[in-house]
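The structure appears below as structure tokens.
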Amino acid sequence: MSGVREAVTLQLGHYAGGVGAHWWGLQVDAASFCFDPAAAESEEGIHHDVLFRTGKTLQGQETYTPRLILMDLKGSTPGAASKGCRGYPCLLSSTSCKKGNLTTHREDLAPGRSVLHGLDRSEVRPALSFSHATLSLDRPPRHETQDQAAKAPHVWSDFLRTHLHPRSILTIQQYSHEGESNRLEAFGQGEKLLQDGAYLEELEDRLHFYVEECDYLQGFQVLCDLHNGFSGVGAKVTELLRDEYAGKGVLTWGLTPAPQRNLYRLMNTVLGIVHLSQHSSLFCPLSLNGSLGLRPEPPVVLPYLQYNASLDYHTSAVLATALDTVTAPYRLQASAVSMAHLAEALNFSGRKVPLTAVASMPFPMAQGQTLPDALCSQQPAVPGSSLSSCAAQGQSRCFAQSVVLRGIGKRDQVSDSPPGTEPKSLLHMCETGQEVLTRFLHTMSPRTFSTSHLLQGPCKLLPPYPQYFSPLLNKHGCSCSCLHSSPSTAVESIPVFTALRSSAVLHKALGSFYQELCQVDVRRWASFFSVGVEMDDFRETLDELRTLAQCYKESGSAEESEDDTD
2 MSGVREAVTL QLGHYAGGVG AHWWGLQVDA ASFCFDPAAA ESEEGIHHDV LFRTGKTLQG
62 QETYTPRLIL MDLKGSTPGA ASKGCRGYPC LLSSTSCKKG NLTTHREDLA PGRSVLHGLD
122 RSEVRPALSF SHATLSLDRP PRHETQDQAA KAPHVWSDFL RTHLHPRSIL TIQQYSHEGE
182 SNRLEAFGQG EKLLQDGAYL EELEDRLHFY VEECDYLQGF QVLCDLHNGF SGVGAKVTEL
242 LRDEYAGKGV LTWGLTPAPQ RNLYRLMNTV LGIVHLSQHS SLFCPLSLNG SLGLRPEPPV
302 VLPYLQYNAS LDYHTSAVLA TALDTVTAPY RLQASAVSMA HLAEALNFSG RKVPLTAVAS
362 MPFPMAQGQT LPDALCSQQP AVPGSSLSSC AAQGQSRCFA QSVVLRGIGK RDQVSDSPPG
422 TEPKSLLHMC ETGQEVLTRF LHTMSPRTFS TSHLLQGPCK LLPPYPQYFS PLLNKHGCSC
482 SCLHSSPSTA VESIPVFTAL RSSAVLHKAL GSFYQELCQV DVRRWASFFS VGVEMDDFRE
542 TLDELRTLAQ CYKESGSAEE SEDDTD
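Numbering of the sequence shown is given in the working numbering, commencing with residue 2 and proceeding in unit increments.
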């Protein structure tokens, strides 16, 4: 593993487990990927050894599993161990790059579910009866039948197909995933879990197991549920990582599924945002909800994507696809960017603040079109929809951004106009694809510090990834001028555009949280405060939230003349 900058991933919560299951599945390029570590260096330049580790079974069979610790509740991981190690004997040895004693871990097989068996077959898009003229791409469709929704996976272990090490899954026995009682609902409950010596000791032991075998650990990826008690777990976990592994990057993604408008959810979200921002090198909320507050907003619109916003199986796949692309800079073989460098570049003026994510999936590119043509058709806007539950960028200042565009082949990266033809734009004059992307970003945001990466390899989609795409896309994710002659053809890969930003748009979003909670007498929710969070601590958190919002105010802007958080 010489020269590889390893990272350890932590998934905290059930929705985080769903996003993670899809994310690991996206990296399974072929069957040989899991069994042949030599295949770790893929064509798109992503070095899979950053997130995956090699090992051996007691029978000598090589394994390739994520460097992962996953925390979830009782009842949410049935069959995960057996599916995760599918194809390997269940008895695994923990091999290390360092010399030392061999430790054996046994994981009992749990009865698997039948859902993944059905999803293993290529899911195809149903034949649609509407014409191209009547097809709407303005909002997620609602043609999902009750039968289809009932057949969709309900727990992440139903669609996990990546091999996991037996030490990856840490089940919390005190709370249940199913049922109306004994739920992990409040931030304070999550904090108390890691004050329990047994769970803290087990977590530290698993961290040491992975960290000690790394030659050059660059940091930790934390995927954390933001809406429930796992926000408290995440606060304690990131605090532990900050204290025990000083100088290492801690990149945290706060995840929220379909909205359930209640005050518990908002209070968990606010406490999570403030604490995770404090303890992490970089924090970004991710959700397809139009808003994380109490006022309902329609879900995010992603053209050419016909997802069901109420299905975690769908929404977690969208967020996983964005994560797989936006995290590419510190996973590339040829890149000098580390997790710490990425965080430093995006924390403008030395201020560590929450970031926003933007994605376009698939990136709007017609069949046979070149990158200069595609980007020119997007002007005057930058492509993408917000995945951080805040308003569109609009006129809000973007201070810094990290952009990744993948899935653009070499011959499509520059203009294909014949020699002597007058260029259509400055972009058509560029000699390389990277120059095209860099010039486009500078033209759209001349005052923004931008870093960008252009990758040839697309995001490859294998079952059980959902086929929720418009029939106007071909199998490579490019738009066509007419409906497919074969509407059952699955989309096999897509180009993806992502941007991770420090943006003033969060001033209003965070300020609205402050306003909503100030207008509510939270003392009426005594049960929330009876499990660990003191009222004075919560009020202090609100003050810190307001301070975070003020970090985004632009000098001399219209926003400065009216305080949105008063």
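In this text, a Cβ means the ideal position worked out from N, Cα and C, and glycines have one as well.
Check: Are there three or more Cβ pairs, one per stretch, closer than 8 Å when the region 252 to 261 is compared with the region 216 to 229?
Finding: In short, these stretches touch, since the Cβ pair count reaches three.
Check: Around the Cβ of Arg162, are there at least 16 other Cβ atoms within 10 angstroms (buried) or fewer (exposed)?
Finding: Here residue 162 corresponds to residue number 161 of the sequence shown, with the count starting at 1. Arg162 should be labelled buried.
Notebook entry, point to check: If Pro373 sits next to Ser416, beta carbons under 8 Å apart, how far is it from one beta carbon to the other, in whole angstroms?
Noted result: Numbered from its first residue, the sequence shown carries residue 373 at position 372. Numbered from its first residue, the sequence shown carries residue 416 at position 415. Between Pro373 and Ser416 a beta carbon distance of about 5 Å is seen, short of the 8 Å cut, so the two are scored as contacting.
Item checked: Per DSSP, the bridge partner or partners of Asp226 -> Working through the sequence shown from its first residue, we reach residue 226 at position 225. Leu256, per the DSSP bridge assignment.
Notebook entry, point to check: Apart from the five residues on each side of it in sequence, which residues of its chain come closer than 7 Å, Cβ to Cβ, to Ile409?
Noted result: As a position in the sequence shown, residue 409 is number 408, starting the count at 1. The answer, listed in chain order, is Leu372, Gly434, Leu455, Gln457, Pro496.
Check: Candidates Ser386, Leu343, Leu165, Trp157: which alpha carbon is nearest Tyr305's?
Finding: Counting from one through the sequence shown, the residue named residue 305 turns up at place 304. Per the Cα distances, Ser386.
Next item on the list: Measure the C-alpha to C-alpha separation of Asp313 and Gln219 and round it to an integer number of angstroms.
Entry: Counting from one through the sequence shown, the residue named residue 313 turns up at place 312. Counting from one through the sequence shown, the residue named residue 219 turns up at place 218. Spanning the two alpha carbons is a distance of roughly 31 Å.
Notebook entry, point to check: Using DSSP with H/G/I as helix, E/B as strand and the rest coil, what is Gln12?
Noted result: To locate residue 12, count along the sequence shown from 1; it is residue 11. Gln12 sits in a strand when the DSSP states are folded into three classes.
Check: Just reading off the beta strand (DSSP E) that Thr439 is part of, what are its end residues?
Finding: Counting from 1 along the sequence shown, the entry for residue 439 is found at position 438. Unbroken run through Thr439 is the alpha helix (DSSP H), 434 to 445; no beta strand (DSSP E).
Margin query: Only counting the same chain, and skipping five residues up and downstream in sequence, which positions put a Cβ closer than 6 Å to that of Val437?
Written below: The count along the sequence shown starts at 1 and reaches residue 437 at position 436. Excluding its 5 nearest sequence neighbours in each direction, Val437 has C-beta neighbours in its own chain below 6 Å: Leu372, Pro373, Leu428, Cys431, listed in chain order.
Next item on the list: Tell me where the beta strand (DSSP E) around Cys519 begins and ends.
Entry: Position 518 of the sequence shown holds residue 519. Per DSSP, Cys519 belongs to no beta strand (DSSP E); it is in the alpha helix (DSSP H), 506 to 519.
Item checked: Member of Arg412, His443, Tyr246 whose CA lies at the smallest distance from the CA of Gln380 -> Within the sequence shown, residue 380 is the residue found at index 379, counting from 1. Of the listed residues, the one whose Cα sits closest to Gln380 is His443.
Item checked: Unbroken beta strand (DSSP E) run spanning Val359, endpoints -> Working through the sequence shown from its first residue, we reach residue 359 at position 358. In the DSSP assignment, Val359 falls within the unbroken beta strand (DSSP E) covering 357 to 361.
Check: So Ile274 is in the alpha helix (DSSP H); what residue range does that whole segment cover?
Finding: Counted from its first residue, the sequence shown places residue 274 at position 273. Where Ile274 is concerned, the enclosing alpha helix (DSSP H) stretches over 264 to 280.
Note to self: Quick check on the burial criterion: 16 or more other C-beta atoms within 10 angstroms. Buried or exposed for Val353?
What the structure shows: Against the sequence shown, residue 353 aligns to sequence position 352. Note on identity: in this sequence residue 353 is Lys, with Val being the wrong assignment. Lys353 should be labelled buried.
Notebook entry, point to check: For the beta strand (DSSP E) that Phe364 lies in, which residues bound it at each end?
Noted result: Stepping through the sequence shown from its first residue, residue 364 is reached at position 363. Neither: Phe364 is in no beta strand (DSSP E) and is coded neither H nor E.
Notebook entry, point to check: Start and end of the alpha helix (DSSP H) containing Pro67?
Noted result: Counted from its first residue, the sequence shown places residue 67 at position 66. Looking at the DSSP string, Pro67 is not in any alpha helix (DSSP H); the run it does join, the beta strand (DSSP E), is 63 to 67.
Check: Should the region 267 to 275 be called in touch with the region 185 to 195, which here means at least 3 C-beta pairs below 8 Å?
Finding: In this structure the region 267 to 275 touches the region 185 to 195; the number of beta carbon pairs closer than 8 Å is three or more.
Margin query: Once DSSP output is grouped into helix, strand and coil, what is the label at Gln402?
Written below: As a working mapping, residue 402 is identified with position 401 in the sequence shown. Gln402: strand per DSSP, three-state reduction.
Notebook entry, point to check: So with Cβ pairs under 8 Å, would you call Phe470 a contact of chain B?
Noted result: Absent here is chain B; the protein component of the structure consists of one chain.
Next item on the list: Just tell me which of Arg296, Glu63, Ala401, Ala310 has its CA closest to the CA of Ser503.
Entry: Within the sequence shown, the letter at position 502 stands for residue 503. Cα-wise, what sits closest to Ser503 is Ala401.
Item checked: Asp50 classed as buried or exposed, judged by whether at least 16 other C-beta atoms fall within 10 angstroms -> Walking along the sequence shown from the start, residue 50 turns up at place 49. With 16 or more Cβ atoms within 10 Å of its Cβ, Asp50 is classed as buried.
Next item on the list: Leaving out five residues on either side along the sequence, give the residues of the same chain with a beta carbon under 7 Å from the beta carbon of Cys479.
Entry: Position 478 of the sequence shown, counting from 1, holds the residue named residue 479. Closer than 7 Å at Cβ, skipping near neighbours: Met366, Ala367, Gln368.
Next item on the list: Drop a sphere of 10 angstroms on the beta-carbon of Glu541, count the other beta-carbons inside from all chains shown, and report buried for 16 or more, exposed for fewer.
Entry: Residue 541 sits at position 540 when you count from the first residue of the sequence shown. By the 10 Å Cβ count, Glu541 comes out exposed.
Check: What three-state label does DSSP hand Ala323 in the structure shown?
Finding: Taking the first residue of the sequence shown as 1, we reach residue 323 at position 322. Reduced to three states, the DSSP call for Ala323 is helix.
Next item on the list: Flag this pair as yes or no: are the beta carbons of Gln12 and Leu69 separated by less than 8 Å?
Entry: Here the question's residue 12 lines up with position 11 in the sequence shown. Here the question's residue 69 lines up with position 68 in the sequence shown. With contacts defined by Cβ atoms closer than 8 Å, Gln12 and Leu69 form a contacting pair.
Next item on the list: Determine the closest residue to Val492 out of Phe498, Cys481, Gly273, with distance taken between C-alpha atoms.
Entry: For the purposes of this step, residue 492 is taken as the residue at position 491 of the sequence shown. Of the candidates Phe498, Cys481, Gly273, the one whose C-alpha sits nearest the C-alpha of Val492 is Cys481.
Item checked: Cutoff 6 Å; reference Asp73; Cβ partners in own chain excluding five residues on either side -> Mapped onto the sequence shown, residue 73 falls at position 72. The beta carbon of Asp73 is closer than 6 Å to those of His15, Gly18 in its chain, skipping five residues each way along the sequence.
Check: In angstroms, rounded to a whole number, what distance separates the CA positions of Leu71 and Pro167?
Finding: Position 70 of the sequence shown holds residue 71. Position 166 of the sequence shown holds residue 167. Between the alpha carbons of Leu71 and Pro167 lies a gap of roughly 11 Å.
Notebook entry, point to check: DSSP beta-bridge partners for Val251?
Noted result: Position 250 of the sequence shown, counting from 1, holds the residue named residue 251. Residue pairing for Val251: DSSP places it in a beta bridge opposite Phe221.
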